[in-house]
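Numbering (mature numbering (1 follows the signal peptide of the UniProt record, and there is no 0)), first residue to last: -21 to -1, 1 to 210.
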């Protein structure tokens, strides 16, 4: 009988060892996946910065927030957009100049749908964002080198860093009311686009830092940071 007990105990120990081994084997795969994502983001960030630094950079002073701007509440923000999302910036890519201002292709991975169809979570979106590459002739009335490439910053809507976390609203193309991803656009990037910096979301437009009066959008920013948004 004691021999039977011994065999049972040895069998249980073997099963336990297999289970632990499987668990340990899963862990490196997850770590490798996360490492690959970080490496890809770092490479994308390096490539983008290298392209920008190779060109003449045009900076302008941002415009102040209008005196009659009162901000927006969460309910208003949801109502005005087909989606409100939290996302990660995966990449920034050069695109051909589109009048009246340069734009950059922004690749986002949707981390959370705050408002709208939850089926968008986990999807990648390819959206245009103000600011980007162009030619001198596109900016200046009398360019010195018309075909010389420049990088133009839109001062009230600076491009977010690759790898950063953002919150924004998405609207459909003016001619469509469906959920096709190629017909979605970022809404009102000057007023309702947040970037997470030093652990907290802040309005991306630097002009908001000069505003002294209370605005509803400051309360909305606090809601995002305190995670008081209903899932």
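Every residue, glycine too, gets a C-beta built ideally from N, C-alpha and C.
Excluding five sequence neighbours on each side, which residues of the same chain lie with their C-beta closer than 7 Å to the C-beta of residue i?
i: residue 100; result: 89, 91, 92
i: residue 95; result: 61, 62, 63
i: residue 113; result: 76, 81, 129, 131
Looking at residue i: is its Cβ nearer than 8 Å to the Cβ of residue j?
i: residue 131; j: residue 81; result: yes
i: residue 196; j: residue 50; result: yes
i: residue 41; j: residue 148; result: no
i: residue 70; j: residue 86; result: yes
i: residue 169; j: residue 200; result: no
i: residue 84; j: residue 30; result: no
i: residue 139; j: residue 68; result: yes
i: residue 135; j: residue 184; result: yes
Mind checking who residue i pairs with in its DSSP beta bridge?
i: residue 174; result: 145, 181
i: residue 62; result: 149
i: residue 86; result: 70, 105
i: residue 131; result: 37, 111
i: residue 92; result: 64
i: residue 80; result: 77
Can you name, in chain order, every residue of its own chain whose Cβ lies under 6 Å from the Cβ of residue i, other than the five neighbours on each side?
i: residue 133; result: 109, 110
i: residue 194; result: 50
i: residue 126; result: 114
To which residues of the same chain is residue i closer than 8 Å at the C-beta, ignoring the five residues directly before and after it?
i: residue 163; result: 61, 62, 104, 106, 149, 150, 151, 152
Contact between the region 134 to 148 and the region 45 to 55 is defined here as three or more beta-carbon pairs at a separation below 8 Å; is this criterion met? no
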